[in-house]
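Report on one structure; see the data block that follows.
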Amino acid sequence: MSAGEQRILVVDDERPIRRALEVTLTKAGYRVLTATTGDEALTAAALTPPDLVILDLMLPDADGADVCRQLRDWLAAPILLISAVGEEADKIRALDAGADDYVTKPFSPGELLARCRALLRRAAGQKGGEAVIDTGQLRIDLPRRMVTVSGEEVRLTPTEFDLLKALAVAGGRPLTHQMLLRTVWGPGYADEMHLLRVNMGRLRDKLQAEGVERGAIETLTGVGYRLRESGSDPERVP
Amino acid sequence: MSAEGRSQPAAMVIAAASVAACTVVVALLTPTVPVRSAGVFYLVAVLAISSIYGLWLGLATSLVSALAFNFFFLPPLHTFTISSSGDWLALAAFALAALVTSQLAARERAEAEQATRRAAEAELGERLATLIANGSQLQTALPPLGRQAARALGARDGGVHLGPPAPSAKAGRAVPIELEGRRLGELRLIDAPGGVAESADAARIGRILAGLIVLGQEREQRLANEVESEALRRSNELTTALLRTVSHDFRSPLTAISTAAEGLRFAELDPDERELVDTIAEQSGRLSRLVTNLLDLSRLESGAAVPAAEWVDVRDLVDAAVADVRTGAEVRAEVEHEADLPLVRVDATQLQRVLVNLLENAAKFSPAGEPVRISAATRGGRVTVSVADHGPGVPDSERAHIFRPFYRGAGGGEPGSGLGLAIAKGLATANGATITLEPADGSGATLTVSIPAAPAPEGRPR
Numbered sequence: 003m004s005a006g007e008q009r010i011l012v013v014d015d016e017r018p019i020r021r022a023l024e025v026t027l028t029k030a031g032y033r034v035l036t037a038t039t040g041d042e043a044l045t046a047a048a049l050t051p052p053d054l055v056i057l058d059l060m061l062p063d064a065d066g067a068d069v070c071r072q073l074r075d076w077l078a079a080p081i082l083l084i085s086a087v088g089e090e091a092d093k094i095r096a097l098d099a100g101a102d103d104y105v106t107k108p109f110s111p112g113e114l115l116a117r118c119r120a121l122l123r124r125a126a127g128q129k130g131g132e133a134v135i136d137t138g139q140l141r142i143d144l145p146r147r148m149v150t151v152s153g154e155e156v157r158l159t160p161t162e163f164d165l166l167k168a169l170a171v172a173g174g175r176p177l178t179h180q181m182l183l184r185t186v187w188g189p190g191y192a193d194e195m196h197l198l199r200v201n202m203g204r205l206r207d208k209l210q211a212e213g214v215e216r217g218a219i220e221t222l223t224g225v226g227y228r229l230r231e232s233g234s235d236p237e238r239v240p
Numbered sequence: 009m010s011a012e013g014r015s016q017p018a019a020m021v022i023a024a025a026s027v028a029a030c031t032v033v034v035a036l037l038t039p040t041v042p043v044r045s046a047g048v049f050y051l052v053a054v055l056a057i058s059s060i061y062g063l064w065l066g067l068a069t070s071l072v073s074a075l076a077f078n079f080f081f082l083p084p085l086h087t088f089t090i091s092s093s094g095d096w097l098a099l100a101a102f103a104l105a106a107l108v109t110s111q112l113a114a115r116e117r118a119e120a121e122q123a124t125r126r127a128a129e130a131e132l133g134e135r136l137a138t139l140i141a142n143g144s145q146l147q148t149a150l151p152p153l154g155r156q157a158a159r160a161l162g163a164r165d166g167g168v169h170l171g172p173p174a175p176s177a178k179a180g181r182a183v184p185i186e187l188e189g190r191r192l193g194e195l196r197l198i199d200a201p202g203g204v205a206e207s208a209d210a211a212r213i214g215r216i217l218a219g220l221i222v223l224g225q226e227r228e229q230r231l232a233n234e235v236e237s238e239a240l241r242r243s244n245e246l247t248t249a250l251l252r253t254v255s256h257d258f259r260s261p262l263t264a265i266s267t268a269a270e271g272l273r274f275a276e277l278d279p280d281e282r283e284l285v286d287t288i289a290e291q292s293g294r295l296s297r298l299v300t301n302l303l304d305l306s307r308l309e310s311g312a313a314v315p316a317a318e319w320v321d322v323r324d325l326v327d328a329a330v331a332d333v334r335t336g337a338e339v340r341a342e343v344e345h346e347a348d349l350p351l352v353r354v355d356a357t358q359l360q361r362v363l364v365n366l367l368e369n370a371a372k373f374s375p376a377g378e379p380v381r382i383s384a385a386t387r388g389g390r391v392t393v394s395v396a397d398h399g400p401g402v403p404d405s406e407r408a409h410i411f412r413p414f415y416r417g418a419g420g421g422e423p424g425s426g427l428g429l430a431i432a433k434g435l436a437t438a439n440g441a442t443i444t445l446e447p448a449d450g451s452g453a454t455l456t457v458s459i460p461a462a463p464a465p466e467g468r469p470r
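Residue numbers (the working numbering), protein chains in the order written: chain G, 3 to 240; chain C, 9 to 470.
In structure tokens form, the structure reads like this:
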């Protein structure tokens, strides 16, 4: 599928930013639809279902997380949030409500385009049901619960493996602390942050010992973690 | 003051007259009353004179009464010979009565006088305190204060003079105003009775005045402080509100400029045009960082930067901070982690800002191409993160100032806002951490963040 057939819906109340995004994305070969409010966004998405939604987290008329939830009810397309520094709590709520990723202002078009490409690729690939996940550096064999780096097995505890698996299955999507705690430990463990920190530290130690840099699992301060994909731009992270 | 010393001659006349009167009365009584019983009447004179005029005149009255009784009524008449022991007894009884009565009366008089003086002093103190309390200025309360105190001491007038004694002041005319050995000034008396300035009363009034003046001075100081702190608070509030508004309103246009300029980087431009576009992008990026700093500062100053503490692995923060700085500037960082670092309980976002600011500061002073070293370690129950550069270091004269807002070091590097370290310090402090500048070792500057390690939680380990 070429970029020209892909539609991106840009939702931002500030015209200069909306226009800058429109120009940048158009130049990159996407078809761009725009909306200025949450209501407009829902209408526009219903009329012409986009392949990707770029949504400003702080809209004047609506809560970003609510817009995400309403879109997610019927729209499968990935949602990329635009957020500002210090909006961690809102980011977490929007991610919980179904947003797929976020960039933080001020971002570069390169960073934005890389995120768009990754989200569209993932959506098109429709991963799921895969038995073996290969990130380029890591090979994670889900049925055999085995992780290898360049053919060498990394010995992980069951918890460390579950943690890595959760991140790998998410396929580069940020997972909030609570999401990871619920997935790996269970619903009653959402506030046991130290378990996550300790196990994440050990997982990274073991991967680092095999030559995988600690940043392969990216720390999203105040939000959560994300497994960096081999294709993503390592220089441009929020 | 006793009545004894006041008018001795008149008292003696009165005493003599009362003895004479008693003699007349006894003479009138003797035809009907046995003479020895009538003699008791002399006691009236003895009691009256001793209670009014004191012991000595009382004793004299008792002696004269005894003599008169003896001379006029006891046989042998018209002689001072005492013939019987009973008459000696009468004389002794008169003398004893005079003694007891005069002592009782004297004590009562002394108590009454003291009570009067206390009441007068209390009234004076109250009047003076009212002057101090009502007068908003000590200066306006002092003249009436001095006048009333001087009058209480019997002077025609007087005044309070603060400070050291005047060289021209005559001895005996000024009462020192002292409190616990500290001399505040003196009360100068005009037309005062001799010796009153040295009296115990004057000393007491001096102490009362001293206490009131100290109270007045403290109150004035407190009022001045309140006015000052209120003014400071208002100016701080205004500054904070201004900062917040400016920062917020700057952000959106800056994001738009950045996004637009970044968008132009895709355009086909000649090298000159590209340089201009790069300048727009870089400088708006710099402005964004400044606005973020101002916003942080206003949050810190308004107390809005309340840390949300959570369990944090310091290595995560270091990695994230290094990644964050890399996106904004060309910084090469060497990261070094000690194994088995304990977790800490801090606000992760705020601590990351601390580290980012330290890294940016270090990068500013690093010579081009020289890396910044950032290392995490444990040190006596605390987790430390040190950021070291290979720049010129911090001169001794500047060491005390580097954490002050808007302070810029004299050393080279790109001019900054002078906010980075101040914010880092503020955020660190809010999280129970400290930042210290390590002693100079001749190779650049090292700043160390020290965070208390939190005890391992009683959790459900798994």
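Virtual Cβ for every residue (Gly too), placed ideally from N, Cα, C.
The segment 216 to 225 of chain C in contact with the segment 148 to 164 of chain C per 3-pair CB rule at 8 Å: With the cut-off at 8 Å, the segment 216 to 225 of chain C and the segment 148 to 164 of chain C touch.
Residue 197 of chain C versus residue 130 of chain C - alpha carbon distance: 20 Å
Where residue 23 of chain G meets chain C, residues with beta-carbon distance less than 9 Å: For residue 23 of chain G, the chain C residues whose Cβ falls inside 9 Å of its Cβ are 267, 271, in order along the chain.
Per DSSP, cross-strand counterpart(s) of residue 221 of chain G: G:227
Option in C:345, C:270, C:106, C:459 with minimal Cα separation from residue 388 of chain C: When each option's Cα is compared against that of residue 388 of chain C, the closest is C:459.
Proximity winner among G:63, G:18, G:9, relative to residue 32 of chain G (alpha-carbon distances): G:9
Which of helix, strand or coil DSSP assigns to residue 21 of chain G: Helix.
Residues bridged to residue 143 of chain G (per DSSP): G:134, G:148
For residue 31 of chain G, three-class secondary structure by DSSP: In this structure, residue 31 of chain G counts as coil in the three-state DSSP scheme.
Spatial neighbours of residue 318 of chain C in its chain, beta-carbon cut-off 8 Å, leaving aside the 5 residues before and after: 353, 354, 355, 356
Residue 198 of chain G to residue 205 of chain G span [Cα, whole Å]: 10 Å
Other residues of its chain near residue 295 of chain C: CB distance less than 7 Å, five sequence neighbours each side excluded: Closer than 7 Å at Cβ, skipping near neighbours: 262.
Within chain G, the residues that residue 296 of chain C reaches when beta carbons sit closer than 7 Å: Per Cβ cutoff of 7 Å: 108.
DSSP-derived helix/strand/coil call for residue 86 of chain C: In the structure shown, residue 86 of chain C sits in coil (DSSP, three-state: anything other than H, G, I, E or B).
Cut-off 8 Å between Cβ atoms - residues of its own chain near residue 49 of chain C, not counting five sequence neighbours on either side: Exclusion of the five residues before and after residue 49 of chain C leaves 30, 33, 34, 37 as the residues of its chain whose Cβ lies within less than 8 Å of its Cβ.
Where residue 191 of chain C falls: helix, strand or coil (DSSP): DSSP places residue 191 of chain C in the strand class (E or B) of the three-state scheme.
Contacting positions in the segment 339 to 363 of chain C - beta carbon closer than 7 Å to chain G: Residues of the segment 339 to 363 of chain C with a C-beta atom less than 7 Å from some C-beta of chain G are 351, 356, 357, 360, listed in chain order.
Minimum Cβ-Cβ distance from residue 203 of chain G to chain C less than 8 Å: yes
Residue 165 of chain C versus residue 214 of chain C - alpha carbon distance: 15 Å
Sufficient close CB pairs (3 or more, under 8 Å) joining the segment 113 to 124 of chain G to the segment 140 to 154 of chain G: no
Which residues DSSP lists as bridging residue 9 of chain G, in chain order: G:33
Contact check, residue 392 of chain C vs residue 457 of chain C, beta carbons under 8 Å: yes
Cutoff 8 Å: residue 31 of chain G Cβ touching any chain C Cβ: no
Within 7 Å of chain C by C-beta, residues of the segment 89 to 118 of chain G in sequence order: 90, 107, 108, 110, 111
Contacts that residue 19 of chain G makes with chain C (C-beta to C-beta distance below 8 Å): 260, 263, 264, 267
Opposing strand residues paired with residue 179 of chain G [DSSP bridges]: Note: residue 179 of chain G sits in no beta bridge, so no partner.
Closest by C-alpha distance to residue 50 of chain G, when choosing among G:20, G:18, G:12: G:12
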